[in-house]
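In this note's numbering, the protein residues as written are 15 to 303. Virtual Cβ for every residue (Gly too), placed ideally from N, Cα, C.
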């Protein structure tokens, strides 16, 4: 694991965000600070974030890995996540916390470059589209973004992607049970029996994600959170990397994303790499991303 310095900051709504810092080693003090966002049910400890951090460390740069709410790992046991203080967790369109951290880092004098994987990449693209002309982030890169949440969910239901869905839902269901237990005011909003019976993202999002975070239903959530609807407004130099065999990304969505994106967005596509894969080296002993 890349050694990180943990910082816990209070959000404007009275919750906590856990930031894990990679400090510069003196070789690149004038260089950029990389802001990293993990994917669904990941954290700063996820292997793909650790791989990017290792690459940044080799060049002596600094980085800040943001842990979405309910995702930060307990340093005493990486199998446990740390609790939060507000009746919510996170979702694919959660740009407010990212905005808060970016503005905080920029105020401290950091020159920022953003990197996001999967859900984290969707958040970054959405934020960039929400803030055309912004100067806080100088460049961005994403990998394995689904772009269109509605299409991605349907695609996963019809393919081997159902294996991924089951893995993600197993931990998401535990989180929703806990947040409703900790915050009884959610009991009238969240349909726990339906959430626990969910076998697709749509079913879970209808029962839990949407009502917890103020969306009318899953369709409303997907419309408002999908980054494909923000790509045309991005003015920051942005690189989007995808694999043709990504089970989360229908080919027609990638074609559509390329068609609607602004000239500031460049797409690179590989024939293989899966979802947040792109791995080489002597895996699993010494993977290189």
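Apart from sequence neighbours up to five positions away, the residues of its chain that approach residue 226 with a beta-carbon distance below 8 Å are 101, 102, 103, 190, 193, 200, 203 and 204, ordered along the chain.
For the beta strand (DSSP E) assignment, the uninterrupted runs of no fewer than 3 residues enclosed by the stretch 205–277 are, from N- to C-terminal side, 252–257. Comparing C-alpha distances from residue 135 to each of 120, 125, 163 and 146 shows the shortest one belongs to 163.
Between residue 112 and residue 137 a beta carbon distance of about 6 Å is seen, short of the 8 Å cut, so the two are scored as contacting. A distance of 7 Å or more separates the beta carbons of residue 276 and residue 255.
Excluding five sequence positions before and after residue 171, the CB atoms of its chain that fall closer than 6 Å to its own CB belong to 214, given in chain order. If you draw a 10 Å sphere on the C-beta of residue 83, you find 16 or more other C-beta atoms in it, and that means buried. Per DSSP, the continuous alpha helix (DSSP H) segment holding residue 65 begins and ends at 61–72. Around the C-beta of residue 198, fewer than 16 other C-beta atoms lie within 10 Å, and the residue is accordingly described as exposed. Residue range 133–144 is occupied by the alpha helix (DSSP H) that includes residue 142. If you check the CB distance, residue 116 and residue 150 come in under 7 Å. Under the criterion of beta carbons closer than 8 Å, residue 270 and residue 242 qualify as touching, at roughly 7 Å. In the structure shown, residue 113 adopts helical secondary structure according to DSSP, grouped into three states. Secondary structure at residue 185: helix, using DSSP grouped into helix, strand and coil.
Straight-line measurement puts the Cα of residue 108 at about 12 Å from the Cα of residue 223. Residues 254 and 272 of the same chain have their beta carbon placed closer than 6 Å to that of residue 281, with the five preceding and five following residues left out of the count.
As computed with DSSP, residue 130 is found in a beta bridge with 51 and 156. DSSP lists 34 and 50 as the beta-bridge partner residues of residue 79.
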